[in-house]
Amino acid sequence: MYKPKDSSQSPRFCGVRTFMRLENIKTTDNVDFVILGVPFDTAASNRTGQRYGPQHIRNFSVLLRPYNPDMDINIFEYCSGVDYGDIDVIPGNALRTYDNIVKELLPLLKKNIVPIIMGGDHSITLGNLRAFYERFGPVALVHFDSHGDTWDHYYGEKYMHGTPFRRAVEEGLLDVDHSIQIGMRGPLYSADDIEDARRLGFEVITMKEVRQIGFSEVMKRIHKRAGDKPVFVSYDIDFVDPAFAPGTGTPEVGGPTSYEALEYVRGLDGLNIVGFDLVEVLPSYDSGEITAVLASAIIYEMITLVALKKRRSLQKNLSATTTQ
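So the sequence shown is numbered by our numbering: it starts at 171 and just counts up by one.
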């Protein structure tokens, strides 16, 4: 079992910075999840620097501890994980970067390891979804973001951080009948921008609708939409209000608080989640490093979901054994 160093025994500022002080090792043995970075930002349309996001998140993840009181679980009593390092990207070349992503992720997916991927800009999600498609076929998408990222192109370019989900639908990577987007808000190019996502097949809950129907109803709709399908969760940090996450490339006001940002992840417990990504963290605009602290906490909640699923599986197996 791989677990973090105990920060009550070894100071947080000692050693090489890995996520949550997990071992930095490329192994698929005795591992339930891996943390890995994709430091690619060539497809960003506004601010750049998301390539430095993975290490920025790692730097502040050392504050995390193994027991999650909100979900009442000691994560590493039930699951094992490592920091798998970063995937080699090709600056300036999205398609070759996607090829590298698929090459790295497939061996993990074939062993039923859950990858938790740190971007990088949101264009990397297309590479992630290509890998998941090869393992699972079309997956359900749960997408938290202030933007739908279903535009056709930027500047005539098809592979940008605002286009991954249109490309994913065109390539047949998503089970759109079981996919949902949450949090869209802010000025648009036209009235068609959100309707385009719906025409592609996504259920869309805008932030205005989130405030009208409330958190519980949003979570009910997510669970109903995804059902028992294999789910990929894509979380753009600009889903969160910039008061709580200023370090991002395309901030939009009017989003959730940091507490609400965590609750949306916790509320996914029970879905058949096979992978996650968290994208668009941009260190150079991160006042007081609060975006990195929040991003690491969101990933921590993602790890917690892996542990909760593993605990249920162990309890089910134990119950089956005792009744035989």
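Think of the CB as a built atom: it goes at the ideal place given N, C-alpha and C, for glycine as much as any other residue.
**OP:** Could you tell me which residues DSSP pairs with Thr418 in its beta bridges?
**Re:** Answer by DSSP bridge pairing, in chain order: Val451.
Original post:
Taking the continuous alpha helix (DSSP H) assigned at Pro277, which residues delimit it?
Top reply: Residues 264–280.
Original post:
Three-state secondary structure (DSSP) at Gln225?
Top reply: Under the three-state reduction of DSSP, Gln225 is assigned to helix.
Original post:
Around the C-beta of Val186, are 16 or more other C-beta atoms found within 10 angstroms, so that it is buried, or is it exposed?
Top reply: Exposed is the label assigned to Val186, since fewer than 16 other Cβ atoms lie within 10 Å of its Cβ.
**OP:** Starting from His313, follow its DSSP beta bridges and name the residues at the other end.
**Re:** Gln351, Ser404, per the DSSP bridge assignment.
Original post:
According to DSSP, which residues form a beta bridge with Glu373?
Top reply: In DSSP, Glu373 forms a bridge with Ile350.
Original post:
Mind checking Met288: buried by the 16 CB within 10 Å criterion, or exposed?
Top reply: It is buried - the Cβ of Met288 has at least 16 other Cβ atoms within 10 Å.
Original post:
Does the stretch 366–373 touch the stretch 433–441, meaning 3 or more C-beta pairs lie closer than 8 Å?
Top reply: Note that the stretch 433–441 does not touch the stretch 366–373; fewer than 3 beta-carbon pairs, one per stretch, sit closer than 8 Å.
**OP:** Take Gly397 and list the residues in its own chain whose beta-carbon comes closer than 7 Å to its own, dropping the five residues that flank it on each side.
**Re:** Its chain contains His348 as the residues whose beta carbon lies nearer than 7 Å to that of Gly397, once the 5 sequence neighbours on both sides are disregarded; these appear in chain order.
Original post:
How about Phe409 and Phe314: do their beta carbons lie closer than 7 Å?
Top reply: Yes, Cβ-Cβ distance for Phe409 and Phe314 is below 7 Å.
Subject >> Strand pairing of Leu344, partner residues [DSSP] >> reply: Bridge partners of Leu344: Val309.
Original post:
CA-CA distance, His226 and Leu448?
Top reply: If you draw a straight line from the Cα of His226 to the Cα of Leu448, it comes to about 13 Å.
**OP:** State the beta-bridge partners of Leu206 as determined by DSSP.
**Re:** Leu206 is bridged to Ile287.
**OP:** For my contact list, Thr320 and Ile407 are in at a C-beta cut-off of 8 Å; report their separation, rounded to the angstrom.
**Re:** Not a contact, Cβ separation roughly 19 Å.
Subject >> Beta-carbon gap between Ile392 and Ile350 smaller than 7 Å >> reply: In this structure, Ile392 places its C-beta atom within 7 Å of the C-beta atom of Ile350.
Subject >> For Asn270, the nearest candidate out of Asp411, Met389, Tyr429, Pro209 (CA to CA) >> reply: Cα-wise, what sits closest to Asn270 is Pro209.
**OP:** Tell me whether Glu247 sits in a helix, a strand or coil according to DSSP, three-state version.
**Re:** In the structure shown, Glu247 falls within a helical segment according to DSSP collapsed to helix, strand and coil.
**OP:** With Ser386 as the anchor, note down where its alpha helix (DSSP H) starts and where it stops.
**Re:** Run containing Ser386: 385–396, per the alpha helix (DSSP H) assignment.
Original post:
Excluding sequence positions up to five away, which residues of its chain have a Cβ less than 7 Å from the Cβ of Phe306?
Top reply: Exclusion of the five residues before and after Phe306 leaves Pro400, Val444 as the residues of its chain whose Cβ lies within less than 7 Å of its Cβ.
Subject >> Pick from Arg436, Leu192, Ser457, Ser180 that is closest to Ser386, judged by C-alpha positions >> reply: Ranking the options by Cα distance to Ser386, first place goes to Arg436.
Original post:
CB-CB under 8 Å to Val272, same chain, minus the five flanking residues each way: which ones, in chain order?
Top reply: The beta carbon of Val272 is closer than 8 Å to those of Gly297, Arg300, Ala301, Glu304 in its chain, skipping five residues each way along the sequence.
Original post:
Could you give the residue range of the alpha helix (DSSP H) that holds Leu233?
Top reply: Run containing Leu233: none; DSSP gives neither H nor E here.
Original post:
Considering only the beta carbon of each residue, do His331 and Ser293 sit closer than 7 Å?
Top reply: Cβ atoms of His331 and Ser293: closer than 7 Å.
Original post:
With distances taken from CA atoms, which of Lys480, Thr491, Ala490 is nearest Glu145?
Top reply: This structure cannot speak to residue 145, because the chain is shown only from 171 to 494.
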